[in-house]
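S.K.: Quick one: the structure is below, and I'll ask about it shortly.
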Amino acid sequence: MKTIPYILIAIRFILAPIIILLAYFKGEEYGFFILSLMYFGLLTDIFDGIIARKVGVSSEKLRRLDSQTDLIFWLSLGFAAYILNPDLIKNEWKGILLILAMETLCYIVSILKFKKETCTHAFLSKMWGLSLLIAFTYLIGFQQAGWAFYFMVALGFVAHIDVIMIILILPEWQYDVPSSYHAWKIKKGKKRKKSIFFN
């Protein structure tokens, strides 16, 4: 049981190149199969953390590995969306550039302050992950951007601001911080309560 979280993360990592290759070689005819892999990948992301906490193997190493694998997984879907719908993605370049810039900024701020990448797994970031799921469903499955894309960009901007605030507020690097409010409580010396989502 203790190896299952690592296996689930590895599965998500392996899915990334598979998704890109399917988009490149198979095209739109495999769009919904790519989406099924995306949903399966999301399930592995949900259960790796839950199982890790249940069997007592949730650690800094595991959470950092999970966070970086998430980044690779979602980037692969972004590349797939571009391969399948280049004109659509080019038309929405401003929103995409904003999200990429915010993600990069989170890493820069965290590395400059703590010499480590960000690994907050914040609540708003989890909600943003769900919005990514919906946005990619529209982009890859239906070749549309629409409200799902713009909602994803707006929520992504807010979520990344929250992560940056967490980094700036925390006195020392820490993983699994639900929000900037919780970071402020940690700074004030208050212990956070354990939950099903966070250690």
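Residue numbers (our numbering): 409 to 607. For each residue, glycine too, the CB sits at the ideal point set by N, CA and C. Predicted model, so just to flag it, every value in this text is computed and none were measured.
1) Would DSSP call residue 568 helix, strand or coil?
2) For residue 585, does the count of other Cβ atoms within 10 angstroms reach 16, so buried, or fall short, so exposed?
3) Thinking just about the alpha-carbon of each residue, which of 412, 486, 492 is nearest to the one in residue 463?
4) Taking 8 Å as the limit between beta carbons, can you name the residues of its chain near residue 541, skipping five residues before and five after?
5) Where in the stretch 517-572 do unbroken runs of the alpha helix (DSSP H), each at least 4 residues long, occur, reported from the N-terminal end onward?
6) Taking only three categories from DSSP, how would you classify residue 493?
7) What number of angstroms, rounded off, separates the C-alpha of residue 456 from the C-alpha of residue 537?
8) To test your reading of the DSSP string, which unbroken alpha helix (DSSP H) runs of 4 or more residues are found completely within the stretch 454-512?
9) Determine, using beta-carbon pairs with one atom in the stretch 570-585 and one in the stretch 483-490, whether at least three such pairs fall under 8 Å.
10) Anyone know if the C-beta pair for residue 474 and residue 417 falls short of 8 Å?
11) Is the beta carbon of residue 472 closer than 8 Å to that of residue 514?
M.R.: Reading it off the structure:
1) Here residue 568 sits in helix by DSSP.
2) Taking all protein chains shown into account, residue 585 has 16 or more neighbouring C-beta atoms within 10 Å of its C-beta and is therefore buried.
3) Of the listed residues, the one whose Cα sits closest to residue 463 is 412.
4) Around residue 541: 446, 447, 450.
5) Complete alpha helix (DSSP H) runs here, min 4: 531-544.
6) Here residue 493 carries a coil assignment [DSSP, helix/strand/coil].
7) In a straight line, the C-alpha of residue 456 is about 15 Å away from that of residue 537.
8) Counting whole runs of 4 or more residues, the stretch 454-512 contains the alpha helix (DSSP H) stretches 468-492, 494-499.
9) No, because fewer than three Cβ pairs between the stretch 570-585 and the stretch 483-490 fall closer than 8 Å, the two stretches do not touch.
10) The beta carbons of residue 474 and residue 417 sit closer together than 8 Å.
11) Not in contact: residue 514 and residue 472 (Cβ atoms no closer than 8 Å).
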